[in-house]
Amino acid sequence: MEKKKKIVIFLVVVIAVVAVLLFSIKVIKNSKAKSKDEEIYTVKRGEVVHFTEQTGIIKSQVGAIVKVGTRATGVITRLRYQVGDFVKKGALIAEIDDREKLAEKRSLEAQLEQQKKDLEAKEAQYAYNRVNYERETMLLEKEFTTKDNVEKAKREMDVSKAQLEASRAKINEIREKLRSLEVSLSYHKIYSPISGYVSQVTTQEGETVVAGLSAVNLITIIDPTRLEMWIYVDETDIGKVKKGMTVEYWVDAYKRKVFTGTISMIYPQPEIKDNIVYYLAIVKIDPKYAEFLKPEMTTHVKIIVEKKADVLVVPNSAVRFEEGKNVVYLKAADKTMRVDVETGIRDDKFTEIISGVKEGDKVVIPVVKRSQPGPKK
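To convert, note that position 106 of the sequence shown is 613 in the numbering used here; the numbers rise steadily by one, no gaps.
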């Protein structure tokens, strides 16, 4: 009898233990199922950055690409650079045969020297004739000469003076020709107007260039450090974009490298593409980025419209719009309650909460269930 009683007690204990285990497993399963449906986020302070996303293109600035030409005609005797070479500003690029101009210059210089000697002789002759006229005038006052002699002396003085002025005019004319020739000679030596790389060469040493109404292009130089970005801002977003706003951008070639800049100008003239109206916002690119960025690269741009730091934030998915109001669900003890909130700006992750919750509150974030893929057919 005693043995049967012990067996009964043992069975009761086993059944009780099994029941407790089954209940615990059910509670755990319910808890896990519930946790899969929602997450809890503690309200805290953080930074919210409101931005608009646009597309841009890297362009060379005006003046960054220069086609270097010449107004001289002749054979190219020297061409120092080829495609890909780096050229410093002021460096000699090419020389054109200038022997004909130099010969003309030597001829003019010889004429100038001859005219200077001739001028000295005419100055001496004029000085003599002027003294002779003055002397004849004094003698006439004392009746030691005649009026004819005085008039003759005056004519000789006037002729020598006219010859002297003509000689001086001739010298000035030669000097003007020399100055003009110096300018023409300068066209035979071509210097780089900017620093940069040679992107194109249109002629070679030994070829003859003939200058016409426009300068003949010899080489093209591009300054890779003078870049800007054209941002195509959609007409629906242009009202938010202002001069001086900060932008962050990246290119497909360097997806993990973020570049920054500031909007320097917004063109009022619209650009229409595929029946969509855009407005160009211009960003000058820092020369230090020229190592990575090249003209015509497409950029992915974030224009920072507004930034707030040290404000209450919650994840965007925690804020719901119900019955015309923004609400969040607070977790308090064993219950969840709905609370109306006033929201501020938002970015791609967080929303600013102006009122309705306080720091440390716990809000419920619904977890979106992903649908399971069906069987393959």
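Think of the CB as a built atom: it goes at the ideal place given N, C-alpha and C, for glycine as much as any other residue.
Inter-residue Cα distance where the pair is Ile697 and Val754: Your numbering for residue 697 matches position 190 in the sequence shown. Your numbering for residue 754 matches position 247 in the sequence shown. Rounded to the nearest angstrom, the two C-alpha atoms are 41 Å apart.
Proximity below 8 Å, CB of Ala601 to CB of Ile583: Counting from 1 along the sequence shown, the entry for residue 601 is found at position 94. Counting from 1 along the sequence shown, the entry for residue 583 is found at position 76. Cβ distance < 8 Å, so Ala601 and Ile583 count as in contact.
First through last residue of the alpha helix (DSSP H) which encompasses Ile701: Counting from 1 along the sequence shown, the entry for residue 701 is found at position 194. Neither: Ile701 is in no alpha helix (DSSP H) and is coded neither H nor E.
6 Å Cβ shell around Gly464 - same chain, five flanking residues per side excluded: Any property of residue 464 remains undetermined from this structure, which presents the chain solely from 508 to 884.
Bounding residues of the alpha helix (DSSP H) (the contiguous stretch that carries Met645): What you label residue 645 is simply residue 138 of the sequence shown in a count that begins at 1. Residues Arg606 to Glu648.
With 16 other Cβ atoms within 10 Å as the buried cut-off, status of Asn636: Numbered from its first residue, the sequence shown carries residue 636 at position 129. Buried, by the Cβ-count rule.
Gln561, buried or exposed, once every other Cβ within 10 Å from all chains shown has been counted against 16: For the purposes of this step, residue 561 is identified with residue 54 of the sequence shown, where counting begins at 1. Gln561 comes out buried.
Secondary structure of Arg675, DSSP reduced to three states: Position 168 of the sequence shown, counted from the first residue, corresponds to residue 675. Three-state result, Arg675: helix.
Residue span of the beta strand (DSSP E) that contains Leu734, given as start and end: Looking up residue 734 in the sequence shown gives position 227. Leu734 -> beta strand (DSSP E) spans Leu734 to Asp741.
Option nearest Ser693 by Cα separation, candidates Ala579, Glu712, Val790 and Val594: By 1-based counting over the sequence shown, the position of residue 693 is 186. Of Ala579, Glu712, Val790 and Val594, the residue nearest in Cα terms is Ala579.
One or two residues paired with Tyr548 in a DSSP bridge: On the sequence shown, position 41 is the one that residue 548 refers to. According to DSSP, Tyr548 bridges with Val870.
Validate contact between the region 672-689 and the region 641-649 using beta carbons, cut 8 Å, 3 pairs: no
Endpoints, beta strand (DSSP E) assigned at His807: Position 300 of the sequence shown holds residue 807. Unbroken beta strand (DSSP E) run through His807: Thr805 to Pro822.
Three-way DSSP call (helix, strand, coil) for Ala601 in this model: Within the sequence shown, numbered from 1, the residue matching residue 601 stands at position 94. Three-state DSSP puts Ala601 in a strand.
Counted within 10 angstroms of its Cβ, other Cβ atoms place Met772 as buried (16 or more) or exposed: On the sequence shown, residue 772 is found 265 positions in, with the first residue counted as 1. Flag for Met772 reads exposed.
Among Ala839, Lys791, Ile726 and Asn782, nearest to Ile770 - alpha-carbon criterion: Translated into positions along the sequence shown, residue 770 becomes position 263. When only C-alpha atoms are compared, the closest one is Lys791.
C-beta atoms of Met752 and Ile789 nearer than 8 Å: Position 245 of the sequence shown holds residue 752. Position 282 of the sequence shown holds residue 789. Going by C-beta atoms, Met752 is not nearer than 8 Å to Ile789.
Cβ-based burial, Asp454 [other Cβ within 10 Å; buried from 16]: Any question about residue 454 goes unanswered here, given that the chain covers just 508 to 884.
Ala724, DSSP secondary structure in three states: Stepping through the sequence shown from its first residue, residue 724 is reached at position 217. Just to set this straight, residue 724 is Asn in the shown sequence, not Ala. Strand, per DSSP.
Residue(s) in a DSSP beta bridge with Leu586: For the purposes of this step, residue 586 is taken as residue 79 along the sequence shown, with counting starting at 1. Bridge partners of Leu586: Ala601.
Pro794 in three-state terms, based on DSSP: Counting from one through the sequence shown, the residue named residue 794 turns up at place 287. Pro794: helix per DSSP, three-state reduction.
Length of the line joining the Cα atoms of Ile783 and Asn833: Counting from 1 along the sequence shown, the entry for residue 783 is found at position 276. Counting from 1 along the sequence shown, the entry for residue 833 is found at position 326. Looking at the two C-alpha atoms, the distance is approximately 33 Å.
Helix, strand or coil at Met844 [DSSP, three-state]: Counting from 1 along the sequence shown, the entry for residue 844 is found at position 337. Strand, per DSSP.
Strand pairing of Ile565, partner residues [DSSP]: Within the sequence shown, the letter at position 58 stands for residue 565. Answer is Met736.
Delimiting residues of the beta strand (DSSP E) encompassing Arg763: As a working note, residue 763 is residue 256 in the sequence shown. Here the beta strand (DSSP E) through Arg763 covers Tyr761 to Lys780.
Cα-Cα separation, Lys838 to Thr850: Within the sequence shown, numbered from 1, the residue matching residue 838 stands at position 331. Within the sequence shown, numbered from 1, the residue matching residue 850 stands at position 343. In a straight line, the C-alpha of Lys838 is about 19 Å away from that of Thr850.
Beta-carbon proximity check, Lys865 vs Ile547, cutoff 8 Å: Within the sequence shown, residue 865 is the residue found at index 358, counting from 1. Within the sequence shown, residue 547 is the residue found at index 40, counting from 1. Cβ distance not < 8 Å, so Lys865 and Ile547 don't count as in contact.
At least three beta-carbon pairs within less than 8 Å, the region 742-749 to the region 700-711: no
Spatial distance of Leu725 from Gly576 (CA atoms): For the purposes of this step, residue 725 is identified with residue 218 of the sequence shown, where counting begins at 1. For the purposes of this step, residue 576 is identified with residue 69 of the sequence shown, where counting begins at 1. If you take the alpha carbons of Leu725 and Gly576, they lie about 5 Å apart.
Unbroken beta strand (DSSP E) run spanning Gly576, endpoints: Working through the sequence shown from its first residue, we reach residue 576 at position 69. Residues Ile572 to Thr577.
Length of the line joining the Cα atoms of Tyr786 and Leu734: As a first step, residue 786 is located in the sequence shown; it is residue number 279 there, counting from the start. As a first step, residue 734 is located in the sequence shown; it is residue number 227 there, counting from the start. Tyr786 and Leu734: Cα-Cα distance of roughly 19 Å.
The region 589-598 touching the region 612-623, judged by at least three CB pairs closer than 8 Å: no
Beta bridge counterpart(s) of Gln707 as assigned by DSSP: Here the question's residue 707 lines up with position 200 in the sequence shown. Partner(s): Thr727.
Contact set for Val808: own chain, Cβ-Cβ below 6 Å, skip 5 residues either direction: Translated into the one-based positions of the sequence shown, residue 808 becomes position 301. Result list for Val808: Gln561, Gly563, Ile738, Val754 and Tyr756, in chain order.
Element boundaries [beta strand (DSSP E), containing Val826]: Counting from 1 along the sequence shown, the entry for residue 826 is found at position 319. Careful: Val826 lies outside any beta strand (DSSP E) and carries neither H nor E.
Continuous beta strand (DSSP E) stretch holding Lys838: start and end: What you label residue 838 is simply residue 331 of the sequence shown in a count that begins at 1. Start and end: Lys832 to Ala839.
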